[in-house]
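Colleague: The numbering of the sequence shown is numbering that gives the first Met the number 0, which starts it at 0 and goes up by one.
Beta carbons: idealized from backbone N, C-alpha and C, even for Gly.
Structure incoming, see below.
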Amino acid sequence: MGELMIGRGYRYIGFAGYEPRDLRFRERQRGFQDVLEAAGLRTDLLFFGPESLGFSGGRAALDHLLGIEPNLQAIFCVTDIFAVGAMYECMRRGWPVPERLAVTGYGDYEIAAEVPPGLTTISTRGYTIGTVAAKLLLAKADRRTIEEPVQDVGFEMVLRGSI
Numbered sequence: 000m001g002e003l004m005i006g007r008g009y010r011y012i013g014f015a016g017y018e019p020r021d022l023r024f025r026e027r028q029r030g031f032q033d034v035l036e037a038a039g040l041r042t043d044l045l046f047f048g049p050e051s052l053g054f055s056g057g058r059a060a061l062d063h064l065l066g067i068e069p070n071l072q073a074i075f076c077v078t079d080i081f082a083v084g085a086m087y088e089c090m091r092r093g094w095p096v097p098e099r100l101a102v103t104g105y106g107d108y109e110i111a112a113e114v115p116p117g118l119t120t121i122s123t124r125g126y127t128i129g130t131v132a133a134k135l136l137l138a139k140a141d142r143r144t145i146e147e148p149v150q151d152v153g154f155e156m157v158l159r160g161s162i
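If you want it as structure tokens, here you go:
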């Protein structure tokens, strides 16, 4: 996502995530910061809130990041729910997305396609993950040897109007 944002010309890019206890979120943060650092951009535009924030976390993240960098141009949120909260805060301020601020998420939740102008997100391919997990569980239940216990199902960038 960072490469996409940089490729679109954004230079002041923030990251909104949860407290970095969860390995999944730490890895997303680390990867995102690595991309920004390689491009010579700031890597300190960060917000971490408790997972319980959900939608309101996106609003809080936007407020926090604007306090650090008033010229913020884009924000990557670790979940689509955070991203929708950030989009709502933009709407509340009268800011068009993406013209004033680009917003992106992660997860490709159903709401990502429904909220205007459509949330650009990363799909974790939930159906594929479920299928692979079911096959592994069935193999284990049948006491079959699992040749590839760790499987990478990849991800897919879903481009919509928010960037």
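When you compare the CB positions of Leu44 and Val83, do they come within less than 8 Å of one another, or not?
Modeller: No, the pair does not count as a contact, with Cβ atoms beyond the cut-off.
Colleague: Please name the residue or residues paired with Gly48 in a DSSP beta bridge.
Modeller: Answer is Tyr17, bridged to Gly48.
Colleague: Measuring CA to CA, which of Gln72, Thr78 and Ala111 is closest to Pro95?
Modeller: Of the listed residues, the one whose Cα sits closest to Pro95 is Gln72.
Colleague: Thinking C-alpha only, which one of Thr123, Glu109 and Thr103 is nearest Gly160?
Modeller: It is Thr103 whose Cα lies nearest to the Cα of Gly160.
Colleague: Determine, using beta-carbon pairs with one atom in the stretch 107-121 and one in the stretch 33-53, whether at least three such pairs fall under 8 Å.
Modeller: Result no; under three Cβ-Cβ pairs closer than 8 Å.
Colleague: Which value, in whole angstroms, describes the spacing of the CA atoms of Ile12 and Ile110?
Modeller: In a straight line, the C-alpha of Ile12 is about 23 Å away from that of Ile110.
Colleague: Within this structure, are the beta carbons of Phe154 and Val77 separated by less than 8 Å?
Modeller: In this structure, Val77 does not lie closer than 8 Å to Phe154 by Cβ.
Colleague: Ends of the beta strand (DSSP E) at Val83?
Modeller: Where Val83 is concerned, there is no enclosing beta strand (DSSP E), although the alpha helix (DSSP H) it sits in stretches over Asp79 to Arg92.
Colleague: Report yes if the C-beta distance between Ala60 and Ala85 is below 8 Å; otherwise report no.
Modeller: Yes, these two residues count as a Cβ contact at 8 Å.
Colleague: Exposed or buried, what is Arg143 when buried is set at 16 or more other beta-carbons lying within 10 Å of its beta-carbon?
Modeller: Arg143 should be labelled exposed.
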